[in-house]
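J.:
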Amino acid sequence: MATDGPRGASAGRHEQALLAKARDRSALIGIVGLGYVGLPLAVEFAEAGYRVLGFDVTPRVVDGINAGHSHVQDIPTSRLAKLVKAGTISATTDLMRLKEPDCVAICVPTPLSKTRDPDISFVSAATDSVAQTVRPGQAIVLQSTTYPGTTRELMLPALEKSGLKVGEDFFLAFSPERVDPGNAKYNTHNTPKIVGGVTAACTRVVMALYQPAIETLVPVSSPEAAELVKLLENTFRSVNIGLVNEMAIVCDKLGVDVWEVIDAAATKPFGFLKFTPGPGVGGHCIPLDPHYLAWKMRSLNYRTRFIELAGEINAEMPEYWVEKVVSALNERGKPAKGSVVLVVGVAYKKDIDDLRESPALDIIKLLERLGAIVRYHDPYIAELREDGRILKSVPLTAEAVRNADCVVIVTDHTQLDYAMLSKEAKALVDTRHAVASRAAAT
Ligand SMILES: NC(=O)c1ccc[n+]([C@@H]2O[C@H](COP(=O)([O-])OP(=O)(O)OC[C@H]3O[C@@H](n4cnc5c(N)ncnc54)[C@H](O)[C@@H]3O)[C@@H](O)[C@H]2O)c1
62 MATDGPRGAS AGRHEQALLA KARDRSALIG IVGLGYVGLP LAVEFAEAGY RVLGFDVTPR
122 VVDGINAGHS HVQDIPTSRL AKLVKAGTIS ATTDLMRLKE PDCVAICVPT PLSKTRDPDI
182 SFVSAATDSV AQTVRPGQAI VLQSTTYPGT TRELMLPALE KSGLKVGEDF FLAFSPERVD
242 PGNAKYNTHN TPKIVGGVTA ACTRVVMALY QPAIETLVPV SSPEAAELVK LLENTFRSVN
302 IGLVNEMAIV CDKLGVDVWE VIDAAATKPF GFLKFTPGPG VGGHCIPLDP HYLAWKMRSL
362 NYRTRFIELA GEINAEMPEY WVEKVVSALN ERGKPAKGSV VLVVGVAYKK DIDDLRESPA
422 LDIIKLLERL GAIVRYHDPY IAELREDGRI LKSVPLTAEA VRNADCVVIV TDHTQLDYAM
482 LSKEAKALVD TRHAVASRAA AT
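For the sequence shown, this note's numbering begins at 62 and goes up steadily by one.
(1) Across which residues does DSSP place V165 in a beta bridge pair?
(2) Contact criterion: CB-CB distance below 8 Å. Does S174 meet it with respect to chain C?
(3) Closer than 7 Å: is that where the CB of T194 sits relative to any heavy atom of ligand 1?
(4) Assign R450 to one of three DSSP states: helix, strand, or coil.
(5) Suppose the cutoff is 8 Å on Cβ atoms and the five residues either side in sequence are ignored; what does the same chain contact list for P120 look like?
(6) Is it the case that the Cβ atoms of L289 and G198 are separated by a distance below 8 Å?
(7) Looking at Q204 and ligand 1, is the gap between the Cβ and the nearest heavy atom below 7 Å?
(8) Near A286, what residues of its chain come up, given a Cβ to Cβ distance below 6 Å and the 5 sequence neighbours on each side ignored?
(9) In whole angstroms, what separates the C-alpha of R74 from that of V407?
(10) Use the C-beta contact count for S71: other C-beta atoms within 10 angstroms, 16 or more gives buried, fewer gives exposed.
(11) DSSP three-state call for E434: helix, strand or coil?
(12) Consult DSSP for R68 and reduce its assignment to one of helix, strand or coil.
(13) Is L95 near ligand 1, in the sense that its beta carbon is under 7 Å from a heavy atom of that ligand?
(14) Just curious, the beta strand (DSSP E) that F231 is in, first and last residue?
(15) What first and last residue would you give for the alpha helix (DSSP H) that runs through T328?
(16) Exposed or buried, which one is T458 when buried takes at least 16 other CB atoms within 10 Å?
(17) How should N48 be labelled, buried or exposed, when 16 other C-beta atoms within 10 angstroms of its C-beta is the threshold for buried?
(18) Kindly indicate which residue of K385, D324, L416 has the alpha-carbon position closest to the one of P348.
(19) Would you call the CB atoms of V404 and Y437 closer than 8 Å?
(20) Closest to P338 by C-alpha separation, out of G243, W382, K329, would be which residue?
(21) So, does the segment 303-310 touch the segment 443-462, judging by three or more C-beta pairs under 8 Å?
(22) Taking 7 Å as the cut-off, does the CB of V169 come closer than this to any heavy atom belonging to ligand 1?
(23) Determine which residues share a DSSP beta bridge with K254 and list them.
(24) Would you mind working out which of V133, R112, V113, V145 sits nearest N127, comparing C-alpha positions?
(25) Quick check: what's the CA-CA separation for V202 versus T149?
(26) On the premise that G91 lies in contact with C164, defined as a C-beta separation below 8 Å, what is that separation, rounded to the nearest angstrom?
(27) Please indicate yes or no: does the CB of R158 lie closer than 7 Å to some heavy atom of ligand 1?
(28) Short check: CB of V342 to CB of V469, under 8 Å?
(29) So D491 is in the beta strand (DSSP E); what residue range does that whole segment cover?
(30) Could you pull out every unbroken alpha helix (DSSP H) segment of at least 4 residues lying fully inside the segment 396-446, listed in chain order?
(31) Could you tell me whether any non-hydrogen atom of ligand 1 is closer than 7 Å to the CB of F297?
(32) Would G394 be called buried (16 or more neighbouring beta carbons within 10 Å of its own) or exposed?
(33) For F336, which residues of its own chain have a beta-carbon under 6 Å away from its beta-carbon, when the five flanking residues on both sides are left out?
(34) Exposed or buried, M481, counting other C-beta atoms within 10 Å across all chains shown (16 or more means buried)?
(35) Does the segment 263-280 come close enough to the segment 109-118 to have 3 or more Cβ pairs within less than 8 Å?
(36) What span of residues does the beta strand (DSSP E) with L114 cover, start to end?
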């Protein structure tokens with residue numbers, strides 16, 4: 062539970078100063094890591110009336126932002142350029158300037174290592190940079206998804222080495238990022254945001270600073286609770302996707318249409334939440350984040366069985382779909398070896414340009430391993446690297462579809478011509494039920 066320590070005159074002074082700077086928007090906001098999470102956050106703070114100084118270790122990212130160019134699909138260049146021109150957003154690679162902001166939000170990557178353990182090196186590096194320059198009157202907020210305990214066990218000791226006291230001289234909180242790239246309804250501004258401070262004063266200060274930029278803030282009692290909220294949300298998705306993926310396999314074996322079953326189940330007005338099967342899970346969150354919790358719990362001698370099982374089922378889906386491609390080819394008397402397979406959609410989900418952890422990559426690899434000649438089309442991803450080679454997206458023409466021995470829809474981007482695909486494809490494997498659901502809708 063976040064409680065205030067003894068509150069001397071100075072504790073109140075720094076808290077009051079930050080609350081005042083939030084009220085009149087004179088606080089300078091620093092954002093460390095200007096990617097999918099950091100850049101939209103920077104824009105929200107700037108549009109709320111703050112000045113924002115962004116930090117990134119990649120000069121290309123910093124130069125692009127300073128030129129008013131957005132590299133994040135959800136932020137149109139016109140929106141960013143206006144703020145850069147007005148002088149409300151600027152960016153730098155100079156991490157010594159971290160002493161300038163009143164509030165520093167850390168939005169750096171938290172991937173997995175080769176052995177699928179948390180790779181916390183980016184958070185550690187960002188913490189070290191902030192710790193070198195931390196000064197009285199700064200609020201520091203970790204937004205990167207991570208295991209419970211990171212804020213208190215990793216960040217707090219590094220920051221307190223400065224001799225400053227948390228909750229009095231500086232303020233530290235965890236506030237998970239929930240942004241859903243490509244979501245037309247919910248964005249950084251209108252998605253409720255959890256805040257868990259190390260002390261109650263930390264929560265108050267961070268809530269006050271974020272309040273002008275974020276519509277709804279939800280305080281929790283500790284950074285650990287906030288860290289776990291994010292992991293619960295993504296584990297919930299991973300487990301439910303794993304469940305419907307297993308149900309897809311079950312229905313297939315029983316000769317029942319899984320989509321009919323799911324749609325009918327979804328008519329229940331209570332106690333059921335619709336999830337849909339597919340080629341597996343991708344992106345920077347669902348395939349990775351639950352492993353942060355599993356890893357932490359292993360260190361406490363507890364095995365998180367749901368996480369492991371869902372991870373296994375989801376990871377096996379590309380293989381399941383490749384088997385479907387092989388059967389479809391077989392029905393036409395063709396072996397996989399030497400057949401042309403056109404993969405439609407390679408982004409990890411529809412209408413976005415993010416390829417990270419996409420199941421399409423596994424599907425392509427498995428097909429190539431069988432000797433298939435793989436081509437792909439994705440309106441959002443012009444090229445991708447596969448085993449050191451560069452594959453380029455081919456135009457989705459009727460001719461390209463006819464020239465393939467099998468077409469496999471992996472990502473159901475809205476703008477694709479599904480009627481043409483179903484008309485022209487010699488064989489079609491649809492991992493997303495995209496053709497049938499579009500046909501039903503018309
Ligand atoms: N992308 C999403 O949809 C999403 C959603 C919710 C949560 N998250 C979480 O948010 C965090 C950030 O993810 P992202 O998708 O924005 O990553 P990203 O790769 O798009 O951006 C991260 C940026 O941080 C920069 N960076 C790395 N180390 C740095 C350092 N030491 N100092 C300054 N800059 C540094 C990189 O150059 C990069 O530009 C992750 O923990 C992720 O799990 C992401």
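Even glycine gets a Cβ: it sits at the ideal position worked out from N, Cα and C. Since we're looking at a predicted model, the values are computed, not measured.
T.: So, to answer that:
(1) G91, I201
(2) No chain C is present in this structure, which holds just one protein chain.
(3) no
(4) strand
(5) T154
(6) no
(7) yes
(8) G257
(9) 53 Å
(10) The predicted position of S71 is uncertain, since its pLDDT is 48 and thus under 50; no value can be drawn from it.
(11) Position check: residue 434 holds Ile in this sequence, whereas Glu was assumed. In this structure, I434 counts as strand in the three-state DSSP scheme.
(12) At R68 the pLDDT is 48, less than 50, meaning the model places this residue with poor confidence and gives no usable figure here.
(13) yes
(14) 231-235
(15) From DSSP, T328 is part of no alpha helix (DSSP H); its letter is neither H nor E.
(16) exposed
(17) Within the shown structure, residues of the chain are numbered from 62 to 503, placing residue 48 beyond reach of any answer.
(18) L416
(19) yes
(20) W382
(21) no
(22) yes
(23) L278
(24) V145
(25) 20 Å
(26) 7 Å
(27) no
(28) no
(29) 489-491
(30) 420-430
(31) no
(32) exposed
(33) N301, I302, V305
(34) exposed
(35) yes
(36) 112-116
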